[in-house]
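Report on the structure given below.
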Amino acid sequence: MKKVIYLLMMCAGVLLFSCEKDEIGGTATEALAGEWTVTVDAVDGSGNVVEEDFFGLGRVMLNTYNTAANLPTEMYVDDLGNFWEYKVKVQSDVNTLTFATSGAATNEVGDPINVTIDGGKILPGAATTPHGTPADSIVYYVSFSDDEYPAQYGYAKYKVSGYRYTGLAVDD
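Quick note: to get my numbering, add 36 to the position in the sequence shown (first position is 1).
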């Protein structure tokens, strides 16, 4: 009988200790990472909008996320093929919520072009979603080495701006 009680106590102890939940931590770029709903406008060298939604895309999705190294000083910006099909590693600063490439960066998907991102920043609570609630805002400027449109149409680069995806159907 003692053996049975001892065995039951041991099983109960194992079950209790196996039920502990592991603490799940975030990534090093958690403050900058996310899924974003953005628009793409053509801008001049000073950042003034020359043509809103130049390609008629409307709102598109893009992602920002950490690299495999999980460092706070680098992350990816990926348009998921919704605009120019680019994915580039950018330098990031989680304290100031800013990001940019160091000069031209090589595109990691699609065509092997150079992509330049500058002036990237996340502004907490600065955007308003279509249904009127506040959300984080993203804005950056991007240019591509294979882009002939700026010379043809008189603008310098693209301004990508929008808000953090909410997941609510009313915002889609």
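Quick reminder that beta carbons are idealized off the backbone N, C-alpha and C, glycines included.
> Where does Asp-208 sit, in a helix, a strand or coil, going by DSSP?
Replying inline: Taking the sequence shown and counting its residues from 1, one reaches residue 208 at position 172. Reduced to three states, the DSSP call for Asp-208 is coil.
>> Considering only heavy atoms of the ligand GTP, does any lie closer than 7 Å to the CB of Tyr-185?
In response: Annotation note on the ligand GTP: not contained in the displayed structure, which lists no ligands.
> Going by the beta-carbon positions, is the gap between Val-124 and Asn-106 smaller than 8 Å?
Replying inline: Here the question's residue 124 lines up with position 88 in the sequence shown. Here the question's residue 106 lines up with position 70 in the sequence shown. Not closer than 8 Å, so no.
> Can you give the beta carbon distance from Tyr-201 to Thr-73, rounded, assuming they're within the 8 Å contact cut?
Replying inline: Against the sequence shown, residue 201 aligns to sequence position 165. Against the sequence shown, residue 73 aligns to sequence position 37. Contact flag correct, Cβ pair sits at about 5 Å.
>> For Tyr-191, report the span of its beta strand (DSSP E) as first-last.
In response: Residue mapping note: residue 191 aligns to position 155 of the sequence shown, counting from 1. Here Tyr-191 belongs to no beta strand (DSSP E), and DSSP marks it neither H nor E.
>> I need the boundaries of the beta strand (DSSP E) containing Glu-88, first residue and last residue.
In response: As a working note, residue 88 is residue 52 in the sequence shown. Premise fails: Glu-88 is in no beta strand (DSSP E) and is neither H nor E.
> Which one or two residues does DSSP pair with Glu-162 in a beta bridge?
Replying inline: Reading the sequence shown from its first residue, position 126 is the one you call residue 162. Here the sequence assigns Ala to residue 162, which means Glu is not the residue at that position. Bridge partners of Ala-162: none, in fact.
> Hey, how far is the Cα of Pro-148 from the Cα of Thr-164?
Replying inline: Numbered from 1 along the sequence shown, position 112 holds the residue referred to as residue 148. Numbered from 1 along the sequence shown, position 128 holds the residue referred to as residue 164. Approximately 36 Å, taken between the alpha carbons.
> How many whole angstroms separate the CB atoms of Leu-98 and Asp-77, which I take to be in contact at a CB cut-off of 8 Å?
Replying inline: What you label residue 98 is simply residue 62 of the sequence shown in a count that begins at 1. What you label residue 77 is simply residue 41 of the sequence shown in a count that begins at 1. Going by Cβ atoms, the distance from Leu-98 to Asp-77 rounds to 14 Å, so no, they are not a contact pair.
>> Quick check for students: name the residue ranges of the beta strand (DSSP E) that lie wholly in the segment 72-146, counting only runs of 3 or more.
In response: 85-87, 96-102, 110-114, 123-129, 134-136
>> If distances are taken between C-alpha atoms only, which option among Gly-117, Thr-63, Ala-140 comes closest to Thr-109?
In response: Reading the sequence shown from its first residue, position 73 is the one you call residue 109. Checked all of Gly-117, Thr-63, Ala-140; the closest Cα to Thr-109 is Thr-63.
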